[in-house]
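Numbering (full-length UniProt numbering), first residue to last: 1 to 234. Backbone N, C-alpha and C define an ideal beta-carbon position, used for all residues, glycine too. Only one structure is covered here, and it is reproduced in the block below.
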């Protein structure tokens, strides 16, 4: 009997996950394809043309609502929110419109192809050059240090890592996402990509392949970049 009661209490204390039905409203602004991110559970969805959405949530989860045309909203979900038949949220209008993002990323790697063992440290071409210059020893090592070759190779590594991030962005986002969703002019796309990878939080999310965080951060960066474009064209 005691064990049965203990099991009942344990289950009673477990936070239940519920798929909520939500409705976003915004005066004089589109509520189509707003990003809804459950930061706690790392789940994402988007609203439909009428602002309706569904997403799994439990009490205490943090939901973030973002769109280029709306002010972002961060909401800690309560049990009362979960008990509503339709959870409603009012957002404040801005001036530009966000549409859907499509993300595709290849999982092919040297490890998955069996070229190198899993877990083995992989060096880029620039890193291999630096290792050779550093470990040469003797006269060669001294000459490399004096000539500044190692400093140059270190810069090559930095450039190479940025090129890797740029290549990853190209895989994640198509040009029409920048122009139609983020409202970045076509001529500014490459500049915006450089702007993004210079942001440490975005670069770290990109390296970690954190799709949820990357989607969230790029919307905020686009807002900042569009403001820069406007100020430059005044």
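In angstroms, rounded to a whole number, what distance separates the CA positions of residue 68 and residue 29? 11 angstroms
Tell me the rounded alpha-carbon separation between residue 33 and residue 75. 18 angstroms
Should residue 225 and residue 184 be called a contact, given that it needs their Cβ atoms to be closer than 8 angstroms? yes
Three-state class that DSSP yields for residue 202 in the structure shown: helix
Looking at the structure shown, is residue 40 part of a helix, part of a strand, or coil, going by DSSP? coil
With DSSP as the reference, label residue 47 as helix, strand or coil. coil
Beta-ladder partner(s) of residue 62, from DSSP: 76
Can you grab the Cα-Cα spacing for the pair residue 207 / residue 35, in whole Å? 22 angstroms
Presumed contact (8 angstroms Cβ cut-off) between residue 44 and residue 53, rounded CB distance: Rounded, the Cβ-Cβ distance is 10 angstroms, inconsistent with contact.
Could you name the residues of the same chain whose beta carbon sits closer than 7 angstroms to that of residue 59, not counting the 5 residues immediately before and after it, in chain order? 15, 77, 78, 79 and 82
Just curious, the beta strand (DSSP E) that residue 182 is in, first and last residue? Taken as a continuous stretch (DSSP letters only), residue 182 belongs to no beta strand (DSSP E), as it is neither H nor E.
Which residues does DSSP pair with residue 57 in a beta bridge? 18
When you compare only the Cα positions, how much space is there between residue 31 and residue 71? 12 angstroms
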